[in-house]
Amino acid sequence: MRVISLSVDGIFQAAQRGLYTWLASQDADFICLQDLRALEREIDTKPEFQLDGYFAYFFDSGTKHYNGVAIYTRYQPKALIYGLGFASGVDMEGRYLQVDFEQMSVGSLLAPSASSEAESQEVKIKFFDDFQAHLDKITRKRREYIFCGNWQMAHTPKDVANSTNNQHNSGFLSHERQWLSQLFNQIGYVDAFRKVNRDSDEYSWWPSGAAGEGDGWRTDFQVVSNSLGNKVEYATIYKKQAFSSHCPVIIDYDIEMDQ
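So for the sequence shown, my numbering puts the first residue at 0; every next one is plus one.
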(Lines of atoms letter the chains of each structure in order from A and count residues from 1; the text may use other names and numbers.)
(Lines give C-alpha, C1' and ligand atoms only; values in the text may rest on other atoms or scores of the structure.)
Protein backbone atom coordinates (compact mmCIF):
# COMPACT_ATOMS: atom_id res chain seq x y z
CA MET A 1 0.00 0.00 0.00
CA ARG A 2 1.47 3.34 -1.05
CA VAL A 3 0.70 6.58 0.83
CA ILE A 4 1.81 10.00 -0.39
CA SER A 5 1.70 13.17 1.69
CA LEU A 6 2.43 16.72 0.52
CA SER A 7 1.87 20.23 1.83
CA VAL A 8 1.18 22.12 -1.40
CA ASP A 9 1.42 25.86 -0.54
CA GLY A 10 -1.79 26.37 -2.51
CA ILE A 11 -3.42 23.76 -4.71
CA PHE A 12 -3.78 25.99 -7.78
CA GLN A 13 -0.06 26.73 -7.90
CA ALA A 14 0.88 23.10 -7.29
CA ALA A 15 -1.45 21.95 -10.08
CA GLN A 16 0.13 24.43 -12.47
CA ARG A 17 3.51 22.95 -11.60
CA GLY A 18 2.36 19.49 -12.68
CA LEU A 19 1.33 17.94 -9.37
CA TYR A 20 -1.70 16.06 -10.67
CA THR A 21 0.16 14.68 -13.68
CA TRP A 22 2.82 13.36 -11.31
CA LEU A 23 0.28 11.95 -8.83
CA ALA A 24 -1.51 10.07 -11.61
CA SER A 25 1.76 8.22 -12.33
CA GLN A 26 2.45 7.14 -8.74
CA ASP A 27 -0.10 4.33 -8.23
CA ALA A 28 -0.76 5.49 -4.67
CA ASP A 29 -3.57 4.06 -2.57
CA PHE A 30 -3.89 7.23 -0.50
CA ILE A 31 -2.84 10.81 -1.26
CA CYS A 32 -3.00 13.32 1.58
CA LEU A 33 -2.60 17.01 0.72
CA GLN A 34 -2.33 19.95 3.11
CA ASP A 35 -2.41 23.75 2.88
CA LEU A 36 -4.73 23.84 -0.14
CA ARG A 37 -5.47 27.58 0.29
CA ALA A 38 -8.75 27.06 -1.54
CA LEU A 39 -12.41 26.47 -0.76
CA GLU A 40 -13.94 23.09 -1.50
CA ARG A 41 -16.42 24.59 -3.97
CA GLU A 42 -13.51 26.02 -5.97
CA ILE A 43 -11.93 22.64 -6.62
CA ASP A 44 -14.28 19.68 -6.04
CA THR A 45 -16.09 19.94 -9.40
CA LYS A 46 -13.14 20.92 -11.56
CA PRO A 47 -11.68 18.07 -13.62
CA GLU A 48 -8.09 19.25 -13.16
CA PHE A 49 -8.37 18.44 -9.43
CA GLN A 50 -9.79 14.96 -9.92
CA LEU A 51 -7.82 11.74 -10.26
CA ASP A 52 -9.21 8.76 -12.14
CA GLY A 53 -9.97 5.85 -9.84
CA TYR A 54 -10.01 7.92 -6.63
CA PHE A 55 -12.62 9.19 -4.23
CA ALA A 56 -11.75 12.78 -3.32
CA TYR A 57 -12.58 14.55 -0.04
CA PHE A 58 -11.80 18.11 1.02
CA PHE A 59 -12.00 20.12 4.24
CA ASP A 60 -11.48 23.85 3.79
CA SER A 61 -11.17 26.64 6.34
CA GLY A 62 -14.23 28.59 5.23
CA THR A 63 -11.85 31.41 4.34
CA LYS A 64 -10.51 31.86 0.82
CA HIS A 65 -6.74 31.42 0.37
CA TYR A 66 -6.30 29.89 3.83
CA ASN A 67 -5.26 26.34 4.84
CA GLY A 68 -7.44 23.31 3.97
CA VAL A 69 -6.67 19.60 3.50
CA ALA A 70 -7.64 16.79 1.13
CA ILE A 71 -7.54 13.01 0.88
CA TYR A 72 -7.70 11.00 -2.33
CA THR A 73 -8.35 7.30 -1.79
CA ARG A 74 -8.85 4.31 -4.07
CA TYR A 75 -11.24 2.84 -1.48
CA GLN A 76 -14.60 4.21 -0.46
CA PRO A 77 -14.44 4.90 3.26
CA LYS A 78 -17.01 3.76 5.78
CA ALA A 79 -16.91 7.15 7.50
CA LEU A 80 -15.39 10.61 7.23
CA ILE A 81 -14.27 12.74 10.16
CA TYR A 82 -13.90 16.48 9.71
CA GLY A 83 -11.80 18.10 12.43
CA LEU A 84 -10.53 16.67 15.69
CA GLY A 85 -13.40 17.83 17.86
CA PHE A 86 -11.34 19.64 20.48
CA ALA A 87 -13.53 21.31 23.10
CA SER A 88 -11.27 24.36 22.91
CA GLY A 89 -11.92 24.70 19.17
CA VAL A 90 -8.22 25.26 18.59
CA ASP A 91 -8.12 22.39 16.09
CA MET A 92 -9.81 24.75 13.63
CA GLU A 93 -6.64 26.87 13.61
CA GLY A 94 -5.20 24.02 11.55
CA ARG A 95 -7.17 21.42 9.60
CA TYR A 96 -7.74 17.68 9.88
CA LEU A 97 -9.64 15.21 7.69
CA GLN A 98 -9.86 11.46 8.31
CA VAL A 99 -11.15 8.51 6.28
CA ASP A 100 -12.18 5.41 8.21
CA PHE A 101 -12.18 1.80 7.08
CA GLU A 102 -12.88 -1.44 8.92
CA GLN A 103 -9.70 -1.56 11.00
CA MET A 104 -7.67 1.43 9.82
CA SER A 105 -7.94 5.21 9.55
CA VAL A 106 -5.90 7.61 7.42
CA GLY A 107 -5.73 11.29 8.33
CA SER A 108 -4.48 14.43 6.60
CA LEU A 109 -3.21 16.97 9.12
CA LEU A 110 -2.20 20.61 8.80
CA ALA A 111 -0.98 21.82 12.18
CA PRO A 112 -1.11 25.52 13.08
CA SER A 113 2.02 27.45 12.27
CA ALA A 114 3.48 29.97 14.68
CA SER A 115 5.64 33.04 14.40
CA SER A 116 7.68 34.43 17.26
CA GLU A 117 4.56 36.18 18.53
CA ALA A 118 3.42 34.82 21.89
CA GLU A 119 -0.24 34.51 20.85
CA SER A 120 0.40 32.27 17.84
CA GLN A 121 2.85 30.17 19.85
CA GLU A 122 0.19 29.67 22.51
CA VAL A 123 -2.30 28.50 19.87
CA LYS A 124 0.21 25.99 18.54
CA ILE A 125 1.05 24.73 22.03
CA LYS A 126 -2.63 24.34 22.90
CA PHE A 127 -3.28 22.48 19.64
CA PHE A 128 -0.60 19.89 20.35
CA ASP A 129 -1.59 19.54 24.00
CA ASP A 130 -5.13 18.73 22.87
CA PHE A 131 -3.84 16.47 20.11
CA GLN A 132 -1.76 14.52 22.61
CA ALA A 133 -4.87 13.92 24.73
CA HIS A 134 -6.69 12.78 21.58
CA LEU A 135 -3.90 10.34 20.71
CA ASP A 136 -3.86 8.97 24.25
CA LYS A 137 -7.57 8.26 23.92
CA ILE A 138 -7.58 6.62 20.50
CA THR A 139 -4.52 4.49 21.25
CA ARG A 140 -6.79 2.33 23.37
CA LYS A 141 -9.06 1.57 20.41
CA ARG A 142 -8.71 -1.50 18.23
CA ARG A 143 -7.80 0.58 15.22
CA GLU A 144 -4.63 1.39 13.32
CA TYR A 145 -3.84 4.96 12.26
CA ILE A 146 -1.73 6.68 9.64
CA PHE A 147 -1.48 10.43 10.26
CA CYS A 148 -0.03 12.22 7.25
CA GLY A 149 0.78 15.86 7.39
CA ASN A 150 2.65 19.06 7.79
CA TRP A 151 3.35 19.01 11.52
CA GLN A 152 5.07 22.42 11.47
CA MET A 153 7.98 21.13 13.56
CA ALA A 154 11.04 18.92 13.29
CA HIS A 155 12.25 16.33 15.78
CA THR A 156 16.02 15.94 16.02
CA PRO A 157 19.14 17.82 14.85
CA LYS A 158 19.30 15.27 12.02
CA ASP A 159 16.03 16.75 10.72
CA VAL A 160 17.14 20.40 10.43
CA ALA A 161 20.07 21.88 8.57
CA ASN A 162 22.15 24.16 10.82
CA SER A 163 20.19 22.84 13.78
CA THR A 164 22.21 24.85 16.30
CA ASN A 165 21.34 28.12 14.57
CA ASN A 166 17.69 27.11 14.22
CA GLN A 167 17.06 25.88 17.77
CA HIS A 168 15.40 29.17 18.76
CA ASN A 169 13.08 29.23 15.74
CA SER A 170 9.47 28.07 15.84
CA GLY A 171 9.30 24.49 14.67
CA PHE A 172 12.50 23.46 16.44
CA LEU A 173 11.97 24.84 19.91
CA SER A 174 12.84 22.59 22.84
CA HIS A 175 9.21 22.02 23.89
CA GLU A 176 8.29 21.06 20.30
CA ARG A 177 11.09 18.52 20.07
CA GLN A 178 10.08 17.19 23.48
CA TRP A 179 6.47 16.79 22.31
CA LEU A 180 7.60 14.68 19.36
CA SER A 181 9.89 12.61 21.58
CA GLN A 182 6.96 11.90 23.86
CA LEU A 183 4.78 10.99 20.87
CA PHE A 184 7.29 8.43 19.63
CA ASN A 185 8.58 7.15 22.97
CA GLN A 186 5.86 7.39 25.63
CA ILE A 187 2.65 7.36 23.57
CA GLY A 188 4.13 4.79 21.19
CA TYR A 189 3.51 6.12 17.70
CA VAL A 190 6.13 5.67 14.98
CA ASP A 191 7.80 8.06 12.55
CA ALA A 192 7.32 5.80 9.53
CA PHE A 193 10.03 7.46 7.43
CA ARG A 194 12.68 6.90 10.10
CA LYS A 195 11.90 3.18 10.30
CA VAL A 196 13.77 2.65 7.04
CA ASN A 197 15.66 5.88 6.33
CA ARG A 198 18.18 7.26 8.85
CA ASP A 199 19.98 9.73 6.58
CA SER A 200 20.68 13.17 8.02
CA ASP A 201 20.06 15.23 4.88
CA GLU A 202 16.50 14.12 4.17
CA TYR A 203 14.55 17.38 4.29
CA SER A 204 10.97 17.95 3.16
CA TRP A 205 10.58 21.73 3.59
CA TRP A 206 12.59 24.87 2.91
CA PRO A 207 11.52 28.06 4.76
CA SER A 208 13.10 30.07 1.95
CA GLY A 209 10.05 29.15 -0.12
CA ALA A 210 12.06 27.25 -2.73
CA ALA A 211 12.85 23.57 -2.39
CA GLY A 212 16.58 23.01 -2.06
CA GLU A 213 17.47 26.63 -1.23
CA GLY A 214 18.69 27.59 2.23
CA ASP A 215 18.23 25.46 5.33
CA GLY A 216 16.11 22.36 4.87
CA TRP A 217 13.76 20.95 7.53
CA ARG A 218 11.93 17.62 7.80
CA THR A 219 8.53 18.72 9.12
CA ASP A 220 6.34 16.45 6.97
CA PHE A 221 5.71 13.09 8.62
CA GLN A 222 3.63 9.99 8.30
CA VAL A 223 3.05 9.04 11.93
CA VAL A 224 1.62 5.56 12.37
CA SER A 225 0.34 3.27 15.10
CA ASN A 226 3.03 1.16 16.72
CA SER A 227 1.57 -1.97 15.13
CA LEU A 228 2.22 -0.52 11.66
CA GLY A 229 5.84 0.41 12.29
CA ASN A 230 7.21 -2.92 11.11
CA LYS A 231 5.06 -2.83 7.99
CA VAL A 232 7.04 0.07 6.46
CA GLU A 233 8.84 -1.30 3.39
CA TYR A 234 10.11 1.81 1.63
CA ALA A 235 10.27 5.55 2.31
CA THR A 236 11.55 8.48 0.30
CA ILE A 237 11.19 12.22 -0.08
CA TYR A 238 10.68 13.03 -3.75
CA LYS A 239 12.94 15.89 -4.83
CA LYS A 240 13.19 15.63 -8.61
CA GLN A 241 10.32 18.05 -9.24
CA ALA A 242 9.22 21.02 -7.10
CA PHE A 243 5.48 21.47 -6.56
CA SER A 244 5.82 23.76 -3.50
CA SER A 245 8.34 24.63 -0.79
CA HIS A 246 7.60 21.11 0.53
CA CYS A 247 8.44 17.79 -1.11
CA PRO A 248 6.19 14.73 -1.30
CA VAL A 249 6.76 12.03 1.32
CA ILE A 250 6.21 8.59 -0.22
CA ILE A 251 5.92 5.50 1.96
CA ASP A 252 5.07 1.93 0.98
CA TYR A 253 3.51 -0.35 3.60
CA ASP A 254 3.06 -4.10 3.63
CA ILE A 255 -0.67 -3.70 4.16
CA GLU A 256 -3.61 -5.25 2.33
CA MET A 257 -6.67 -3.07 2.59
CA ASP A 258 -9.67 -4.63 4.32
CA GLN A 259 -12.62 -2.29 3.91
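Ideal Cβ placement from N, Cα and C applies to all residues, glycine included.
Coarse secondary structure for residue i, derived from DSSP in three states
i, result
"Ala110", "coil"
"Leu79", "strand"
"His154", "coil"
"Asn184", "helix"
"Ile250", "strand"
"His174", "helix"
"His133", "helix"
6 Å CB neighbourhood of residue i in its chain, flanking five on each side removed
i, result
"Ser169", "Ala113"
"Leu179", "His154"
"Asp253", "Lys230 and Glu232"
"Thr235", "Ile249"
"Asp28", "Met0, Arg1 and Arg73"
"Phe192", "Ala234"
"Pro156", "Ser162"
"Ser119", "Ala113"
Alpha-carbon spacing of residue i relative to residue j, whole angstroms
i, j, result
"Gln75", "Met256", "11 Å"
"Phe220", "Trp150", "7 Å"
"Asp8", "Ser244", "7 Å"
"Ala86", "Gln181", "23 Å"
"Gln240", "Glu212", "14 Å"
"Ser24", "Asn66", "26 Å"
"Gln102", "Ile145", "12 Å"
"Thr62", "Ser207", "25 Å"
"Gly148", "Ser104", "14 Å"
"Val222", "Ile124", "19 Å"
"Asp135", "Ile186", "7 Å"
"Arg16", "Leu79", "29 Å"
"Asp190", "Arg40", "34 Å"
"Arg197", "Gln12", "32 Å"
"Gly52", "Asp26", "10 Å"
"Gln97", "Gly215", "28 Å"
"Tyr81", "Phe58", "7 Å"
"His133", "Leu108", "14 Å"
Proximal residues to residue i (C-beta, below 7 Å), its chain only, five neighbours per side dropped
i, result
"Phe126", "Val89, Asp90, Glu92, Gly93, Ala110 and Pro111"
"Gln49", "Ala55"
"Thr218", "Asn149, Trp150, Gln151, Met152, Ala153, Gly170, Ser203 and Trp204"
Boundaries (first-last residue) of the beta strand (DSSP E) holding residue i
i, result
"Glu232", "Val231 to Ile236"
"Asn149", "Glu143 to Asn149"
Residue range of the alpha helix (DSSP H) that includes residue i
i, result
"Leu5", "Run containing Leu5: none in the alpha helix (DSSP H); it sits in the beta strand (DSSP E), Arg1 to Ser6."
"Ala23", "Leu18 to Ala23"
"Thr163", "Ser162 to Asn165"
"Gln12", "Ile10 to Gln15"
Close Cβ partners of residue i (< 8 Å) along its chain, the five nearest in sequence each way excluded
i, result
"Val122", "Val89, Glu92, Pro111 and Ala113"
"Gln166", "Leu172 and Ser173"
In the stretch 26-113, which residue ranges form an unbroken beta strand (DSSP E) of at least 3 residues, counting only runs that do not cross its ends? 29-33, 54-58, 68-72, 78-81, 94-99 and 103-109
Minimum length 3: unbroken beta strand (DSSP E) runs contained in the stretch 186-237: 219-223 and 231-236
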